[in-house]
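In what follows, a single structure is set out as structure tokens and then discussed.
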Amino acid sequence: MKQLQDSKLVFFGKMTASTTHEMKNVFAIIKESSGLMEDIMSFTDDIPETAKIKLAKIIDKIKGQVERGNNLTQRINRFAHSSDALIADTDLNEIVSRLVNMSERLAKMKNISLELVPAADPIMITTKPVELLMAQFYCLEYLFYFLPDGGKVSATIKNPESKPTIRFQIESLPSNPGGKIDDATLSGKWSELEEICKCLNANATVDDKLCITITLPVKPTG
Amino acid sequence: MDKIKILLVDDEEDFVETLSERIQMRNFDAEIAFNGQEALQLIKNKTPDVMVLDLKMPGMEGMEVLRRVKKDFQNVQVVVLTGHGSEKDEEEARNLGAFEYHQKPVDFNILVKTIKNAYKNKIDNTMISSAL
Chain A
-2 MKQLQDSKLV FFGKMTASTT HEMKNVFAII KESSGLMEDI MSFTDDIPET
48 AKIKLAKIID KIKGQVERGN NLTQRINRFA HSSDALIADT DLNEIVSRLV
98 NMSERLAKMK NISLELVPAA DPIMITTKPV ELLMAQFYCL EYLFYFLPDG
148 GKVSATIKNP ESKPTIRFQI ESLPSNPGGK IDDATLSGKW SELEEICKCL
198 NANATVDDKL CITITLPVKP TG
Chain B
427 MDKIKILLVD DEEDFVETLS ERIQMRNFDA EIAFNGQEAL QLIKNKTPDV
477 MVLDLKMPGM EGMEVLRRVK KDFQNVQVVV LTGHGSEKDE EEARNLGAFE
527 YHQKPVDFNI LVKTIKNAYK NKIDNTMISS AL
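Residue numbers (my numbering), protein chains in the order written: chain A, -2 to 219; chain B, 427 to 558.
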């Protein structure tokens, strides 16, 4: 059963990554086409100046959106490659930034801003990448639930005494917190986090519902 | 000075035709091949200074084209430009002798700069070979 689950993950990762590569080709065509329009404008004298200004603005918008689309595609690609190996050597800074980047949209929908505070140097660990991404996601979900609208959450990566940690912390509370806190829902979310932490041989602690710290082993066991 | 001869190899027709037009506007001599076999055929008749090569194409893959070009036409500088590449692909391409490796979409000015540097590298290599 576990083997089938793993195969499913690898399958989804491969298919998604393959599609993102194709999307890069699409962006490349749009980018070169807008570039050609730009070239034609600069190499042609008989285009009225007002038209040139308007076209230049349109081309800038196209370029901006290509950049945006390409960045998103790269994020999805990195995310999809997380399932390439069930256990992999990874830089903790990189894998946290992967999850934070992918969660920006979810945060934005709740008017929450996310801040990544990486460690100064890479922290190499051997871990289960998908499970680690899930653990981070559960932390954010937990805090987002507690912080229904507004505010800021930071993800800080440290390595005190060679114990790699990720700390998710509510940095600022909204002036008028909305929504209802349901203890049963919070407890359910916490159980999910604990369950996934077991797979990682990691430890999760919560401090006053404002800060969750995951302490990871340098190498997983089990 | 002779124009730099460039061969663009990519199965994405819209991409490669647009790229070719932009390159020709900069006074380079650009030819197009839509697959690996066509590229190897073209190169025999008109050897380019620089080849801009995609990796994933129907038929012969770009990596195989690179391998054959570096074996039979060592002077041709190959710039890989791909939307499909991984870090492993980049390492392999560089080991096979690729001059540079870019991911799509690349900044056009960076690509032009790479082509010029690749051409300069070809001239330098030719001069060293002649001196030896």
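Note that CB positions come from ideal geometry on N, CA and C, so glycine has one too.
I need the straight-line Cα distance from residue i to residue j, nearest angstrom please.
i: methionine 12 of chain A; j: threonine 124 of chain A; result: 23 Å
i: phenylalanine 9 of chain A; j: methionine 34 of chain A; result: 38 Å
i: lysine 548 of chain B; j: asparagine 501 of chain B; result: 6 Å
i: aspartate 42 of chain A; j: asparagine 98 of chain A; result: 44 Å
i: methionine 489 of chain B; j: asparagine 200 of chain A; result: 45 Å
i: lysine 49 of chain A; j: serine 446 of chain B; result: 23 Å
i: cysteine 208 of chain A; j: phenylalanine 141 of chain A; result: 12 Å
i: glutamine 71 of chain A; j: asparagine 471 of chain B; result: 39 Å
i: glutamate 457 of chain B; j: aspartate 440 of chain B; result: 14 Å
i: glutamate 513 of chain B; j: leucine 479 of chain B; result: 17 Å
i: valine 127 of chain A; j: serine 80 of chain A; result: 6 Å
i: leucine 197 of chain A; j: aspartate 179 of chain A; result: 28 Å
i: histidine 18 of chain A; j: asparagine 74 of chain A; result: 8 Å
i: aspartate 437 of chain B; j: glycine 61 of chain A; result: 26 Å
i: valine 114 of chain A; j: lysine -1 of chain A; result: 35 Å
i: leucine 433 of chain B; j: valine 495 of chain B; result: 12 Å
i: glutamine 450 of chain B; j: lysine 542 of chain B; result: 14 Å
i: proline 484 of chain B; j: lysine 51 of chain A; result: 40 Å
i: isoleucine 120 of chain A; j: arginine 448 of chain B; result: 44 Å
i: glycine 32 of chain A; j: serine 15 of chain A; result: 26 Å
i: glutamate 192 of chain A; j: glutamine 133 of chain A; result: 13 Å
i: lysine 546 of chain B; j: threonine 540 of chain B; result: 10 Å
i: leucine 183 of chain A; j: aspartate 204 of chain A; result: 14 Å
i: asparagine 521 of chain B; j: arginine 493 of chain B; result: 10 Å
Can you list the residues of chain B that residue i reaches, using a CB-CB cut of under 8 Å?
i: valine 63 of chain A; result: Pro531
i: phenylalanine 40 of chain A; result: Met451
Under 9 Å between beta-carbons, which chain B residues line up against residue i? List them in chain order, please.
i: phenylalanine 24 of chain A; result: Gly509, Lys530 and Pro531
i: lysine 21 of chain A; result: Thr508, Gly509, His510, Gln529, Lys530 and Pro531
List the residues of chain A that residue i touches, going by C-beta distances under 8 Å, in chain order.
i: alanine 440 of chain B; result: The sequence given here has aspartate at residue 440 of chain B, not alanine. Result: Ile26 and Ser30.
What residues from chain B crowd round residue i, counting only those whose CB sits closer than 7 Å?
i: aspartate 36 of chain A; result: Arg448 and Met451
i: asparagine 67 of chain A; result: Pro531
i: leucine 33 of chain A; result: Thr444, Glu447 and Arg448
What does DSSP give as the partner residue(s) for residue i in the beta ladder?
i: cysteine 208 of chain A; result: A:Gln166 and A:Asp204
i: glutamine 421 of chain B; result: In the structure as shown, chain B starts at 427 and stops at 558, and residue 421 of chain B therefore has no counterpart that could be examined.
i: glutamine 503 of chain B; result: B:Val476
i: lysine 431 of chain B; result: B:Asp455
i: isoleucine 154 of chain A; result: A:Ile163
i: alanine 85 of chain A; result: A:Thr124
i: glutamate 112 of chain A; result: A:Ser151
Cβ closer than 7 Å: which chain A residues qualify as neighbours of residue i?
i: leucine 445 of chain B; result: Glu29
i: phenylalanine 460 of chain B; result: By Cβ distance, chain A contributes nothing, its closest Cβ being about 14 Å from phenylalanine 460 of chain B, past 7 Å.
i: phenylalanine 525 of chain B; result: By Cβ distance, chain A contributes nothing, its closest Cβ being about 20 Å from phenylalanine 525 of chain B, past 7 Å.
i: lysine 499 of chain B; result: The question names lysine, but residue 499 of chain B in the sequence shown is phenylalanine. The contacting residues do not exist; phenylalanine 499 of chain B stays about 26 Å from chain A at best.
Given that a residue counts as buried once 16 or more other Cβ atoms are within 10 Å of its Cβ, and exposed if not, what is residue i?
i: glycine 219 of chain A; result: With a pLDDT of only 49 at glycine 219 of chain A, under 50, the local geometry of the prediction cannot be trusted, and no value is derived from it.
i: leucine 190 of chain A; result: buried
i: phenylalanine 525 of chain B; result: buried
i: valine 148 of chain A; result: With the sequence shown as reference, residue 148 of chain A is identified as glycine, and valine is not the correct amino acid for it. Counting Cβ neighbours within 10 Å, glycine 148 of chain A comes out buried, since at least 16 surround it.
i: lysine 530 of chain B; result: buried
i: glutamate 29 of chain A; result: buried
i: alanine 557 of chain B; result: exposed
i: methionine 106 of chain A; result: exposed
i: proline 45 of chain A; result: exposed
i: aspartate 475 of chain B; result: buried
i: alanine 465 of chain B; result: buried
i: alanine 544 of chain B; result: buried
i: glycine 185 of chain A; result: exposed
i: glutamine 503 of chain B; result: buried
i: serine 39 of chain A; result: exposed
i: lysine 482 of chain B; result: buried
i: arginine 102 of chain A; result: exposed
Which bits of chain A does residue i rub up against, with CB to CB less than 9 Å?
i: phenylalanine 454 of chain B; result: The premise fails here: phenylalanine 454 of chain B is roughly 13 Å from chain A at the closest Cβ pair, so nothing lies under 9 Å.
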